[in-house]
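Here the structure is laid out as structure tokens; the discussion comes afterwards.
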């Protein structure tokens, strides 16, 4: 009887490992005003490296660093401290004002191949910080995904989120998007920026036959007392997965005050099956 139980447990463990091997762990994290000041705080850097090591690919927002050193240092430190082998791609500086931000994707090259990166050509000036996209291919089964990331301007949130449909349509003819699309980032899609009634005018929300929002309204994605779902994942019908918020304050047993030193947002994360 005991030997049978051991065998069953071993089989269960093997199946779990197989499922995990076939799944892609994706993160999206607005690291508040990330730059050299952030990297000068060892305790914050330690927490960041632990967070990043959870993912095969993670979209980073709000990089503000004119020295171009902070992101490289963060990736290097993560690799040294967490035993990862991360690489990264980074966007140009974006924004209409003097305050520019960059986006980045940090990824595990042993798990996926980066095929191309795309900076959306925002000829109509729809976005404060135009979306940054990446086409990736699984090293497990050759499946391709097209990821689009954005940090939406709060006061223009309704219009910018709506125009993400136009971004999707712009890229849909590409061979890289024909196996699934994931759009993610800080949409500022809650609170006073996007009310429930505003969702009725947002095509990305109303086209439920084409898109699914995985982080539900009222989910707390910020390091605050408010249940505002600012950060979101939206996928097309070719992507099957589950999403959640990573409460690193609870997982790492730190206070809310300590968490706020890292960012005013929690990371959101999803698992994509069969990748």
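Residue numbers (mature numbering (1 follows the signal peptide of the UniProt record, and there is no 0)): -20 to -1, 1 to 255. The beta-carbon is built from N, C-alpha and C at its ideal position, and this holds for glycine as well. Treat the numbers as computed from the prediction; the structure is a model and nothing was measured.
Helix, strand or coil for residue i per DSSP?
i	result
residue 201	coil
residue 148	helix
residue 47	coil
residue 10	strand
residue 191	strand
residue 40	strand
residue 143	helix
residue -13	Per-residue confidence for residue -13 stands at a pLDDT of 39, beneath the threshold of 50, marking its modelled position as unreliable; no derived number is given.
residue 84	strand
residue 56	helix
residue 136	helix
residue 250	strand
residue 220	coil
residue 261	With the chain covering -20 to 255 only, the question about residue 261 has no answer from this structure.
residue 108	coil
residue 72	coil
residue 212	strand
residue 91	coil
residue 64	coil
residue 21	coil
residue 228	helix
residue 117	strand
residue 186	helix
residue 34	coil
residue 5	strand
residue 157	helix
residue 162	strand
Between which residues of its own chain and residue i is the CB-CB distance below 8 Å, once the five residues before and five after are set aside?
i	result
residue 171	206, 208 and 210
residue 146	106
residue 81	41, 42, 43, 44, 73, 74, 75, 109 and 131
residue 119	90, 91, 92 and 93
residue 183	142 and 145
residue 154	115 and 126
residue 237	none
residue 79	44
residue 102	110
residue 235	229
residue 186	179 and 180
residue 226	7, 31, 34, 246, 247, 248 and 249
Note down, in chain order, each residue of its chain lying with its Cβ closer than 6 Å to the Cβ of residue i, except the 5 sequence neighbours on either side.
i	result
residue 4	36, 252 and 255
residue 151	157
residue 200	207
residue 167	132, 141 and 212
residue 111	100, 128, 130 and 147
residue 97	69 and 114
residue 2	254
Roughly how far, in whole angstroms, is the beta-carbon of residue i from the beta-carbon of residue j, given that I think they are within contact range, below 8 Å?
i	j	result
residue 178	residue 138	5 Å
residue 8	residue 165	6 Å
residue 219	residue 27	Not really, about 29 Å apart at Cβ, beyond 8 Å.
residue 29	residue 65	About 13 Å separates the two Cβ atoms, so there is no contact after all.
residue 85	residue 114	5 Å
Do you know whose CA, among the options, lies nearest residue i's CA?
i	options	result
residue 141	191, 9, 88 and 72	191
residue 232	99, 2, 149 and 34	34
residue 16	95, 43, 32 and 99	43
residue 24	244, 169, 101 and 221	244
residue 38	127, 21 and 14	127
residue 122	31, 174, 95 and 12	95
residue 49	32, 71, 225 and 19	19
residue 10	198, 176 and 32	32
residue 256	169, 51 and 22	No information on residue 256 is available, as it lies outside the stretch -20 to 255 that the chain covers here.
residue 217	189, 12, 194 and 6	189
residue 21	54, 6, 47 and 2	54
residue 46	14, 247, 176 and 175	14
residue 195	63, 174, 83 and 249	249
residue 83	149, 12 and 104	12
Note down, in chain order, each residue of its chain lying with its Cβ closer than 7 Å to the Cβ of residue i, except the 5 sequence neighbours on either side.
i	result
residue 108	75, 76, 133 and 136
residue 239	203, 228 and 229
residue 59	65 and 66
residue 163	128, 144 and 214
residue 57	25 and 29
Measure from the C-beta of residue i to each C-beta in chain D and report whether the shortest distance is under 8 Å.
i	result
residue 226	Although the question refers to chain D, the structure presented lacks it and comprises just one protein chain.
Compute every distance between the C-beta of residue i and the non-hydrogen atoms of the ligand ZN, then say whether any falls below 7 Å.
i	result
residue 122	You won't find the ligand ZN in this model; it holds no ligand whatsoever.
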